[in-house]
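Colleague: Under my numbering, the first residue of the sequence shown carries the number 718, and numbering increases by one thereafter. Note that CB positions come from ideal geometry on N, CA and C, so glycine has one too. Before anything else, here's the structure in question.
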Amino acid sequence: GTTRLLVPALIGAISAKPAVKGPSELQRWDEPSFLDEIGSRHGPELRDVVRRLLGWTRETFDWIYWGEGQSGGFSARIRFGVDKGPAAFVVYTYGRVEIGFQYLKGYPPYDDEARRESLRQQLVSQLGVDIPESSLSKRPSFPVELLKDPRVYSAFIGLMGGVAHDLRSHPPGGARRGV
Numbered sequence: 718g719t720t721r722l723l724v725p726a727l728i729g730a731i732s733a734k735p736a737v738k739g740p741s742e743l744q745r746w747d748e749p750s751f752l753d754e755i756g757s758r759h760g761p762e763l764r765d766v767v768r769r770l771l772g773w774t775r776e777t778f779d780w781i782y783w784g785e786g787q788s789g790g791f792s793a794r795i796r797f798g799v800d801k802g803p804a805a806f807v808v809y810t811y812g813r814v815e816i817g818f819q820y821l822k823g824y825p826p827y828d829d830e831a832r833r834e835s836l837r838q839q840l841v842s843q844l845g846v847d848i849p850e851s852s853l854s855k856r857p858s859f860p861v862e863l864l865k866d867p868r869v870y871s872a873f874i875g876l877m878g879g880v881a882h883d884l885r886s887h888p889p890g891g892a893r894r895g896v
């Protein structure tokens, strides 16, 4: 006889393997998407605290940089000409506030380790957070939940407002601005 070749037929939809997002396809965060994510992950009370922090940040710092990627965040920055400036702090959708010692150390007066240590000590004593001395060149963080406490929130914005003032008072190159 004859040889028959059987070819299976596919019936129904083909499920394609999910594409891995490339750099150009990363989620770009903005205020509405960030607040929605904070609200869905951490609840409406924390979303409202972060919304208030964003308003304060907008008034106190030169600009807010919105990150991109799966766990996005925003950073509070003081701009120096074309230099985008250091991130004094970053808030992430996964619920952490990061202190930008790693970035601050490149800008006066925080290029002096003693100034970073003083800020670390104030964060520890006023916010009740654990920030080890060994983190003065890193990006230590604490739970954003702590900012629900009005005392902690006030202490945080007081300290970060001081950082903004210090950076403006000591810009790289020595020209004072906005003091």
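Grab me the residues of PRO803's own chain with a C-beta within less than 8 Å of its C-beta, minus the 5 sequence neighbours each way, in chain order.
Modeller: Once the five neighbours on either side are set aside, the close Cβ partners of PRO803 are ARG794, ILE795, GLY817, TYR820, LEU821, GLY823, TYR824, TYR827, LEU884.
Colleague: Considering only the alpha carbon of each residue, which of VAL766, GLN744, GLY879, TYR782 lies closest to LEU840?
Modeller: Out of VAL766, GLN744, GLY879, TYR782, GLY879 has the C-alpha closest to the C-alpha of LEU840.
Colleague: Using a Cβ-Cβ cutoff of less than 6 Å, which residues in the same chain neighbour ALA872 once the five nearest sequence positions on both sides are dropped?
Modeller: Correct list, in chain order: GLN843, LEU844.
Colleague: Starting from GLY790, trace the beta strand (DSSP E) both ways and give me its first and last residue.
Modeller: First-last of the beta strand (DSSP E) with GLY790: 790-794.
Colleague: Give, in chain order, every unbroken run of the beta strand (DSSP E) that is at least 3 residues long and sits entirely within the region 792-836.
Modeller: Segments of the beta strand (DSSP E) lying fully in the region 792-836: 804-809, 813-816.
Colleague: Is SER788 near THR774, with beta carbons less than 7 Å apart?
Modeller: No, Cβ-Cβ distance for SER788 and THR774 is not below 7 Å.
Colleague: Exposed or buried, what is SER858 when buried is set at 16 or more other beta-carbons lying within 10 Å of its beta-carbon?
Modeller: Classification of SER858: buried, given that the 10 Å Cβ count is 16 or more.
Colleague: Take ASP747 and list the residues in its own chain whose beta-carbon comes closer than 7 Å to its own, dropping the five residues that flank it on each side.
Modeller: Cβ within range, chain order: TRP783.
Colleague: Quick one: give me the first and last residue of the beta strand (DSSP E) that TRP746 is part of.
Modeller: Segment: none, TRP746 is in no beta strand (DSSP E) and carries neither H nor E.
Colleague: In whole angstroms, what separates the C-alpha of PRO761 from that of TYR870?
Modeller: So the two alpha carbons sit approximately 17 Å from each other.
Colleague: Since GLY798 and HIS759 are thought to touch, with beta carbons under 8 Å apart, how far apart are those beta carbons, to the nearest angstrom?
Modeller: Actually they do not touch by this definition, with Cβ atoms about 37 Å apart.
Colleague: Determine the closest residue to LEU863 out of LEU743, LEU752, SER750, ARG764, with distance taken between C-alpha atoms.
Modeller: It is ARG764 whose Cα lies nearest to the Cα of LEU863.
Colleague: Can you say whether GLU850 is buried or exposed, counting buried as having 16 or more other CB atoms within 10 angstroms of its CB?
Modeller: Label assigned to GLU850: exposed.
Colleague: Just to confirm the assignment, what range does the beta strand (DSSP E) spanning PHE873 have?
Modeller: Element bounds for PHE873: not the beta strand (DSSP E) but the alpha helix (DSSP H), 867-886.
Colleague: Roughly how many whole angstroms lie between the Cα atoms of ILE848 and ARG837?
Modeller: Distance between the alpha carbons of ILE848 and ARG837: 7 Å.
Colleague: Can you check whether the CB of VAL766 is closer than 7 Å to the CB of VAL814?
Modeller: Not closer than 7 Å, so no.
Colleague: Start and end of the beta strand (DSSP E) containing PRO860?
Modeller: Start and end: 858-860.
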